[in-house]
Amino acid sequence: MSKTHSMLILPGDGIGPEVMEEVKRVISWLDENRDIKFDISEGHVGGRAYDEYGVSLHDDTLAQAKAVDAVMFGAVGGPKWDGVDYDKRPEAGLLKLRKELNLFANLRPALCFEPLVDASSLKPELVSGLDIMILRELTGGVYFGEPRGIEELGNGQRRGVNTQVYETYEIHRVAHVAFDLARKRSGRVTSVEKANVMESGLLWREEVNVIAKDYSDIKLDHMYADNCAMQLVRTPKQFDVILTDNLFGDMLSDIAAMLTGSLGMLPSASLGEAGKGALYEPVHGSAPDIAGKGIANPIATILSFAMALRYTYDCSDEAALIEDAVNEVLKNDIRTADIMQPGKTQVSTSEMGGHILDALTKLNN
Ligand code: IPM
Ligand code: MG
Numbered sequence: 000m001s002k003t004h005s006m007l008i009l010p011g012d013g014i015g016p017e018v019m020e021e022v023k024r025v026i027s028w029l030d031e032n033r034d035i036k037f038d039i040s041e042g043h044v045g046g047r048a049y050d051e052y053g054v055s056l057h058d059d060t061l062a063q064a065k066a067v068d069a070v071m072f073g074a075v076g077g078p079k080w081d082g083v084d085y086d087k088r089p090e091a092g093l094l095k096l097r098k099e100l101n102l103f104a105n106l107r108p109a110l111c112f113e114p115l116v117d118a119s120s121l122k123p124e125l126v127s128g129l130d131i132m133i134l135r136e137l138t139g140g141v142y143f144g145e146p147r148g149i150e151e152l153g154n155g156q157r158r159g160v161n162t163q164v165y166e167t168y169e170i171h172r173v174a175h176v177a178f179d180l181a182r183k184r185s186g187r188v189t190s191v192e193k194a195n196v197m198e199s200g201l202l203w204r205e206e207v208n209v210i211a212k213d214y215s216d217i218k219l220d221h222m223y224a225d226n227c228a229m230q231l232v233r234t235p236k237q238f239d240v241i242l243t244d245n246l247f248g249d250m251l252s253d254i255a256a257m258l259t260g261s262l263g264m265l266p267s268a269s270l271g272e273a274g275k276g277a278l279y280e281p282v283h284g285s286a287p288d289i290a291g292k293g294i295a296n297p298i299a300t301i302l303s304f305a306m307a308l309r310y311t312y313d314c315s316d317e318a319a320l321i322e323d324a325v326n327e328v329l330k331n332d333i334r335t336a337d338i339m340q341p342g343k344t345q346v347s348t349s350e351m352g353g354h355i356l357d358a359l360t361k362l363n364n
């Protein structure tokens, strides 16, 4: 008998529900063709949860998220909720999930599929074969640091405050993940901060060096974040694993995403201590401008599900099968609007999902 895998699906807002539909089809395909069984529950998060419950993450949904093997997350946010209280905004639901599940390691692979080398805004030779792993610290730094807030100064002036703060253990545990990842890849880590301006960056650098002593087989470099942003668009293939904090990781992963052709291609995995919960989500947001039109690219979400198969469910063969199926479909010139190129065939969200299922069936036989 095969084991049943528990999963909570939180489609969220904007294009989230549309792209998640295609993941559900892949889940059914795995059930029928590979005898992999999922026990799926579904809930609301973000603006959708706010409309339903008045909060962007209900306590019951959080309890469910803690009880399952992994959460599949779509996207949150949109102009509809621009006016809601700051602590109830859709994004707060996602940040609370990350914090409460202690998902400190966010893996954002930027991989350029060969058929898409021409879709990148960089020259094909710069991105062909690109395979970077951005490891973003996800539960610390300025995203969560205290004090924070907006103060009235009383003289018609106000002060907005956020705090960038890291402690040794936070740096150590994510550095371990970076070095372990590098061991399974090309053996290089670039640690990124602003040690020239920020004490928290200096501490980051020093503490990463401490952990590096356990990994003499790994080549470690340090780079300032601004330089890293520049190097990513100059010679992106110089990188293997980029280890960085929450805020720099947010920005650098958007840059890296674009190198691969579209933000619609990039998956991510957010992991905590081994075996204690995980969340998988596309790097793209809720894209309210195209929501409901059926044109969103479901690939980032499907690839996020493939990461779940690999990192949570111990099904790396099926993960590789899904990645191969995506490559196959791209090779056959099938494109959603965001990666459309001259001479290719433009398809809708569900058509793209259908093509991926067909490719899965073909590769499985
Ligand atoms: C991301 C997003 C989030 C972040 C938002 C939606 C809160 O941009 O996952 O990269 O800033 O972390
Ligand atoms: Mg972001």
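So the sequence shown is numbered by numbering that gives the first Met the number 0: it starts at 0 and just counts up by one.
Where a beta carbon is used, it is the ideal one built from N, C-alpha and C, also for glycine.
(request) Closer than 5 Å is what we want: which residues have a beta carbon that near any heavy atom of the ligand IPM? List them in chain order. (result) Residues with a Cβ closer than 5 Å to any heavy atom of the ligand IPM, in chain order: E90 and D249.
(request) Quick one: which unbroken beta strand (DSSP E) runs of 3-plus residues sit fully inside the stretch 119–166? Chain order, please. (result) Complete beta strand (DSSP E) runs here, min 3: 130–136, 148–151 and 157–160.
(message) Quick check on the burial criterion: 16 or more other C-beta atoms within 10 angstroms. Buried or exposed for H4?
(response) Label assigned to H4: buried.
(request) Quick one: measure Cβ to Cβ for T259 and L115, integer angstroms, because I've assumed they're closer than 8 Å. (result) Right, the Cβ-Cβ distance comes to about 7 Å (below 8 Å), so this counts as a contact.
(request) Run the CB neighbour count on Y279, radius 10 Å, all protein chains shown included, and call it buried at 16 or more, exposed below. (result) That one is buried.
(request) Could you check the C-alpha separation between M71 and L9 for me, to the nearest Å? (result) For M71 and L9, the gap between their C-alpha atoms comes out near 6 Å.
(message) Using DSSP's beta-bridge definition, name the partner residues of S267.
(response) DSSP, once it has assigned bridges, lists E280 as partnering S267.
(message) Starting from Q251, trace the beta strand (DSSP E) in both directions and tell me its first and last residue.
(response) Note on residue identity: the sequence assigns Leu, not Gln, to residue 251. No beta strand (DSSP E) contains L251, which is instead part of the alpha helix (DSSP H) from N245 to L258.
(message) Going by C-alpha to C-alpha distance, which of I301, L270 and N331 sits closest to K65?
(response) Out of I301, L270 and N331, L270 has the C-alpha closest to the C-alpha of K65.
(message) Looking only at its chain, what residues have a beta carbon closer than 6 Å to the beta carbon of M0, apart from the 5 residues adjacent to it on each side?
(response) Unreliable placement is indicated for M0, whose pLDDT of 48 sits below 50; the coordinate value is still reported in the next sentence. Around M0: no qualifying Cβ.
(request) Quick one: grab the DSSP three-state call for P108. (result) In the structure shown, P108 sits in a strand (DSSP, three-state: E or B).
(request) Could I get the ranges of all uninterrupted alpha helix (DSSP H) runs contained in the stretch 192–248, with 4 residues as the minimum, in chain order? (result) Listed in chain order, they are 198–211 and 224–233.
(request) Answer with buried or exposed for I149, where buried requires no fewer than 16 other C-beta atoms within 10 angstroms of its C-beta. (result) Exposed, by the Cβ-count rule.
(request) Work out the CA separation of S127 and A336 for me, nearest whole Å. (result) For the pair A336 and S127, the Cα-to-Cα distance works out to about 21 Å.
(message) Between the alpha carbons of P281 and N154, how many angstroms are there, rounded?
(response) Between the alpha carbons of P281 and N154 lies a distance of about 44 Å.
(request) Quick one: measure Cβ to Cβ for R187 and D239, integer angstroms, because I've assumed they're closer than 8 Å. (result) Distance from R187 to D239 at the Cβ level is roughly 4 Å; contact confirmed, criterion being Cβ atoms closer than 8 Å.
(request) Please report the Cβ distance between T138 and N101, rounded to the nearest whole angstrom; I am assuming they are in contact, meaning their Cβ atoms lie under 8 Å. (result) Confirmed, about 6 Å.
(message) Nearer than 7 Å: is that true of the beta carbon of D244 relative to any heavy atom of the ligand MG?
(response) No, the beta carbon of D244 sits no closer than 7 Å to any heavy atom of the ligand MG.
(request) Report, in whole angstroms, the separation of the C-beta atoms of L134 and A69, which I expect to be a contact under 8 Å. (result) That belief does not hold up - the Cβ atoms of L134 and A69 are roughly 18 Å apart, past 8 Å.
(message) I want to check one thing, is the minimum distance from the CB of D253 to the heavy atoms of the ligand MG below 7 Å?
(response) Checking every heavy atom of the ligand MG against the Cβ of D253, one is found closer than 7 Å.
(message) Report the CB separation of N245 from V160 in whole angstroms; it is logged as a contact under 8 Å.
(response) Wrong, their Cβ atoms sit about 17 Å apart, outside the cutoff.
(message) By alpha-carbon positions, which one of K23, L201 and E272 ends up nearest to F304?
(response) Per the Cα distances, K23.
(request) Decide if V196 is buried, meaning its Cβ has at least 16 other Cβ atoms within 10 Å, or exposed. (result) The residue in question, V196, is exposed, as its Cβ has fewer than 16 Cβ neighbours within 10 Å.
(request) Would you tell me roughly how many angstroms separate the C-alpha atoms of M43 and E124, rounded to the nearest one? (result) One point to set straight first is that residue 43 is His, not Met, in the sequence displayed. The straight-line gap from Cα to Cα measures roughly 43 Å.
(request) Given a cut-off of 8 Å, decide if A268 and T310 are closer than it, judged by their beta-carbon atoms. (result) Residue identity differs from the one stated: residue 310 is Tyr in this sequence, not Thr. Cβ distance < 8 Å, so Y310 and A268 count as in contact.
(request) Just tell me which of A358, G248, L308 and L262 has its CA closest to the CA of K193. (result) If we check each option's Cα against that of K193, G248 comes out closest.
(message) Applying the 10 Å Cβ sphere with the 16-neighbour rule, what's the burial state of E151?
(response) Exposed, since its Cβ has fewer than 16 Cβ neighbours within 10 Å.
(request) Name the two residues that bound the continuous alpha helix (DSSP H) containing D38. (result) No alpha helix (DSSP H) holds D38; the beta strand (DSSP E) holding it covers K36 to E41.
(request) Consult DSSP for G92 and reduce its assignment to one of helix, strand or coil. (result) Note: G92 maps to helix in three-state DSSP.
(request) Could you work out which residue in M19, G13 and I14 is closest to L7 when comparing CA atoms only? (result) The option with the nearest alpha carbon to L7 is M19.
(message) Based on DSSP bridge pairs, tell me the residues matched to L7.
(response) As computed with DSSP, L7 is found in a beta bridge with S40 and V70.
(message) Does the stretch 351–361 come into contact with the stretch 44–56, if we say contact requires no fewer than three beta-carbon pairs (one atom in each stretch) closer than 8 Å?
(response) Note that the stretch 351–361 does not touch the stretch 44–56; fewer than 3 beta-carbon pairs, one per stretch, sit closer than 8 Å.
(message) Does the stretch 86–103 come into contact with the stretch 27–42, if we say contact requires no fewer than three beta-carbon pairs (one atom in each stretch) closer than 8 Å?
(response) No, because fewer than three Cβ pairs between the stretch 86–103 and the stretch 27–42 fall closer than 8 Å, the two stretches do not touch.
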